[in-house]
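Take 1 as the starting number for the sequence shown in the numbering used here and just add one per residue.
Cβ atoms here follow ideal geometry from the backbone N, Cα and C, with glycine treated the same way.
Quick caveat: nothing in here was measured; it's all calculated off a predicted structure.
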Amino acid sequence: MKIKNTKSKNTLLLMICLLYVSPLLEAATIQCVDATEKAGINFRHVNGAEGTYHLPETLGAGGAFFDADNDGFLDIYLVNSGYWEKSPSAKQTTSALYRNNRDGTFTDITTPARVENLGNYGQGAACADYDNDGNVDLYVTNFGANVLYRNNGNGTFTDVTRSAGVGDPGWSSSACFLDYNADGHLDLFVVNYLVYSLDVPYPPCGEDGIHTYCHPSLFEGAPDRLYRNNGDGTFTDVSQAAGVGGIGGMFHGKGLGVVSADFNNDGAPDLYVANDDTRNDFFYNNGDGTFSEISLLAGCAYSFDGVAQAGMGVTVGDYNNDSWIDIFVTNLSYETNALYRNNGDGTFTDVIYEARLGKESYLYVGFGTGYFDADNDGWLDLFIANGHIIDNIEDTHDILTYRQPDQLFRNKGDGTFQEISDSVGGYFQRPTVSRGALFGDYDNDGDIDMLVTENNGSVTLLRNETTTQNNWITIKTVGMISNRDGIGTRLTITAGAHTQTQEVNPGASYMSSHDPRCHFGLAANTTVDRLEVRWQSGVVQVFEDLPANQEHLISEFLNTPVDRLFKAVWTGDVAALRSTSIDVNVKDAVGRTPLHIAAEKANIDVAMGLIETGADVNVTDANGNTPLIFIIHKTGDLKISKRLLEKGAAVNTQNHTGETALMYAAWRGHTNIVHLLLENRADTTLKNRQGDTALTLAQSQGHLEIVEMLKVATRKH
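See below:
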């Protein structure tokens, strides 16, 4: 804005102040209304506590928002636990599935749907279309064997736990689906808590002669499990092989919460586990089917002062809109929660006090939590579900309470949050023993609603009735090469001067699953100028000028000639490539040609088919990478590298950062390719923008054989 004809410095200062104050005057009034009774939800959780103080009584339970019947509206699944003595029929408890009637009300369809989880002591839920049939399936974690319900697509579910091989018999808490190996099939990660048996007579616990629940430090942690999806309806436990746990594995962390996200923007989903009474785990995806636990190196293992906390729930989101996914963990009273800000260099910093979230959590026990844009202003707000574990905590502590109010924090857009719990609705004035927190737009009106579960109590459906003129957009993804749900897909939108990033990720919070659609607040913007969609398959799409205030369905491929060509490349359909009439040098949204993609996929038949039909072997993508640079950087495939060179690929092309094919081969340790490139007169003296040569890059990685090869070649140069 240009200011003209100001008469004095005071006038100018006044106008500047008004410019900065006006957004505050126009701020939305966030309101959350208890819609439980009107919705017809009368579920009550039972923990079975009858004075024996079994620890599982304290933690449950969660639930899920998911579209069970594919009608475009979110249904609700609520997990129940039950009584320890199951024999009296009067005490039989079941979990519950409520169908969304699309008018603000729900109907209990648990029995006809066959998802009772009967006879199990339920804990949490995770939802995803694991078999890519277009129907969302349901996984229930239990104290005891877990259950996988396959959605039959006709309103019923089938228990396929035994045939699928995912019935972990321990004490599972949270779970999430992810495609860790990018094969298009969703894998399953299950977090386990303690090695605990009802048959073991544990000594009584308590203080001052008051009997209560034992501390988790008295028990051994249980190993987590990673189940690889075999693509045929079965799973294989690869926990140890993948480096994330399993029987005999290194990590027994007493896990309660889990989330999967791509924290380093490399396209591969990582895992973060919130552990109780021990350090949290950050499993970095190595991209080869294995993970490395790097929480200490990354700075997200402990609190800001280096203390292991009682990790309960965990959520992720780009709260500061810098395109890097941050982590929020809920903890115990007399601790604080933790906000691990992603520094964008592989490390995190706990900024809980800097963000104004520290002292606000000191007396609370947090469980379910989630980032969501409550007022559609383009900044992620934060909800925390609170409630103590010890039902008689008030007998031993003067300032702690068993029932605690939940909290809502508004994101101020400057890296800090402001608690607004006192002004957003009566529910937040009512202390509860909250556990799970579910997030989703159940009434499809363009704002995110919540459902909160209570231990040994009722649930609360909070309808978002915020008064605002802000706009919004919702994105639903459908994968064709990637998993059907598009889980792991990264969405980046630009609206005006504002850019936001989210990932399709329904599994987070605490024992809960959420709306898989990505919802963005747009503030005053009426269109999204640009939407970039990065699928786990590697496919990248860009859409422009999307209208606001509606849901957009994004398919991994559109039915256009160009998309059909790229789909043939991704799927390896050589016959379709040879019969195409489309220019094979056409580029996708990030400047890649079909030959770049064939190189990335290491498919020599497709690569040669493209070359035979006129593909340019020296074409560059948006980053200046030729297919030769691409193949060496991505996969190091020797056969395709040879063929590209035989067809005239330039060996000394430098991309936009100065890297050559030889530099990537030396850095990656591809000895045979280094030899091949040197035979084809690769220049060893070229430098990248950082001043590195292929030799210095090989030295930095300790590739001694390559170092000697390059020294000899340099002397001959």
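For residue j and residue i, the rounded distance between their alpha carbons
| i | j | result |
| --- | --- | --- |
| ALA96 | THR107 | 10 Å |
| ALA90 | PHE143 | Residue confidence for ALA90 is low, a pLDDT of 46 falling below 50, so the modelled location carries little weight and cannot support an answer. |
| GLY415 | ASN321 | 9 Å |
| THR580 | LEU565 | 7 Å |
| GLY289 | SER423 | 48 Å |
| GLY572 | HIS675 | 29 Å |
| LEU25 | THR468 | For LEU25, the predicted structure reports a pLDDT of 36, less than 50, and the residue's modelled location is therefore unreliable. The matter cannot be settled from this model. |
| TRP773 | ALA713 | Past the edges of the chain, shown from 1 to 717, lies residue 773, and the structure says nothing about it. |
| GLY267 | ILE399 | 46 Å |
| VAL21 | LYS412 | Because the pLDDT of VAL21 is 36, which lies under 50, any placement of that residue in the model is unreliable, and the number read from its coordinates should be weighed accordingly. So the two alpha carbons sit approximately 13 Å from each other. |
| ASN688 | VAL651 | 15 Å |
| GLN309 | SER174 | 18 Å |
| ILE39 | GLU116 | Looking at the sequence itself, residue 39 is Ala, so the reference to Ile does not match. Those two C-alpha atoms are separated by around 21 Å. |
| LEU644 | THR620 | 14 Å |
| VAL586 | ASN135 | 35 Å |
| GLN690 | GLN701 | 16 Å |
| PHE219 | LEU194 | 6 Å |
| HIS703 | GLY153 | 54 Å |
| SER87 | GLN240 | Summary for SER87: the model assigns pLDDT 47, below 50, so the residue's position carries little reliability; its value from the coordinates is reported in the next sentence. Distance between the alpha carbons of SER87 and GLN240 is about 38 Å. |
| ASP187 | ALA598 | 25 Å |
| GLU37 | PHE43 | 10 Å |
| GLY446 | ARG484 | 24 Å |
| ALA505 | ARG715 | The amino acid occupying residue 505 in the given sequence is Asn; Ala does not appear at that position. C-alpha separation (whole angstroms): 53 Å. |
| PRO23 | VAL33 | Caution applies to PRO23, whose pLDDT of 38 falls short of 50 and renders its modelled position unreliable; the value that the coordinates give is listed next. Those two C-alpha atoms are separated by around 25 Å. |
| GLU556 | ALA182 | 14 Å |
| PRO516 | TYR442 | 12 Å |
| THR453 | ASN392 | 20 Å |
| LEU178 | ALA274 | 17 Å |
Whether residue i touches residue j by CB criterion (7 Å)
| i | j | result |
| --- | --- | --- |
| GLY366 | PHE383 | no |
| ILE327 | TYR319 | no |
| GLU732 | PHE409 | There is no way to answer for residue 732, as the model of the chain reaches only from 1 to 717. |
| THR58 | TYR213 | yes |
| HIS717 | THR684 | yes |
| ASN146 | GLY167 | yes |
| ALA333 | LEU296 | It should be pointed out that residue 333 corresponds to Ser in this sequence rather than to Ala. In this structure, LEU296 does not lie closer than 7 Å to SER333 by Cβ. |
| GLY165 | THR111 | no |
| THR336 | ILE325 | no |
| LYS254 | ASP276 | yes |
| ILE473 | PHE520 | yes |
| VAL160 | ALA125 | no |
| GLY488 | CYS176 | no |
| ALA615 | VAL590 | no |
| ARG534 | VAL528 | no |
| HIS211 | PRO204 | yes |
| GLY609 | VAL574 | yes |
| LEU74 | ASN100 | yes |
| LEU461 | ALA35 | yes |
| ALA523 | GLY378 | yes |
| THR671 | ILE706 | yes |
| THR396 | GLU532 | no |
Opposing strand residues paired with residue i [DSSP bridges]
| i | result |
| --- | --- |
| PRO547 | THR527 |
| GLN469 | Per DSSP, none; premise fails for GLN469. |
| GLN418 | ARG410 |
| VAL533 | LEU491, GLN541 |
| GLN500 | ILE493 |
| HIS211 | GLY206 |
| SER292 | TYR284 |
| ASN464 | CYS32 |
| ARG225 | VAL190 |
Whole-Å CB distance - residue i paired with residue j, under 8 Å assumed
| i | j | result |
| --- | --- | --- |
| GLY368 | ARG435 | 6 Å |
| GLN407 | HIS388 | With 8 Å as the limit, GLN407 and HIS388 do not qualify as a contact, their Cβ atoms being about 14 Å apart. |
| SER361 | ALA437 | The pair is not a contact, with the Cβ atoms about 15 Å apart (cut-off 8 Å). |
| THR660 | LEU686 | 6 Å |
| SER513 | ALA64 | 4 Å |
| PRO627 | LEU595 | 5 Å |
| ALA261 | VAL316 | 5 Å |
| TYR77 | ILE41 | About 12 Å separates the two Cβ atoms, so there is no contact after all. |
| THR653 | ILE629 | 7 Å |
* List in chain order: all unbroken beta strand (DSSP E) runs of 3+ residues lying wholly within the segment 315–400. => Within the segment 315–400, the runs of beta strand (DSSP E) at least 3 residues long that lie entirely inside it are, in chain order, 326–329, 338–342, 348–350, 366–372, 381–386.
* At 4 residues or longer, and completely inside the segment 38–115: list those alpha helix (DSSP H) runs for me, N to C. => Correct list: 110–113.
* Note down, one range per segment and in chain order, each beta strand (DSSP E) of at least 3 residues found wholly within the segment 622–705. => Runs of the beta strand (DSSP E) lying entirely within the segment 622–705, each at least 3 residues long, are absent.
* **Start-end ranges of the alpha helix (DSSP H) lying completely within the segment 154–207, minimum 4 residues** => Entirely contained in the segment 154–207, the alpha helix (DSSP H) runs reaching 4 residues are, in chain order, 161–164.
* **3 or more residues per run - each beta strand (DSSP E) lying fully within the segment 426–457** => For the segment 426–457, the full-length beta strand (DSSP E) segments reaching 3 residues or more read 434–440, 449–454 along the chain.
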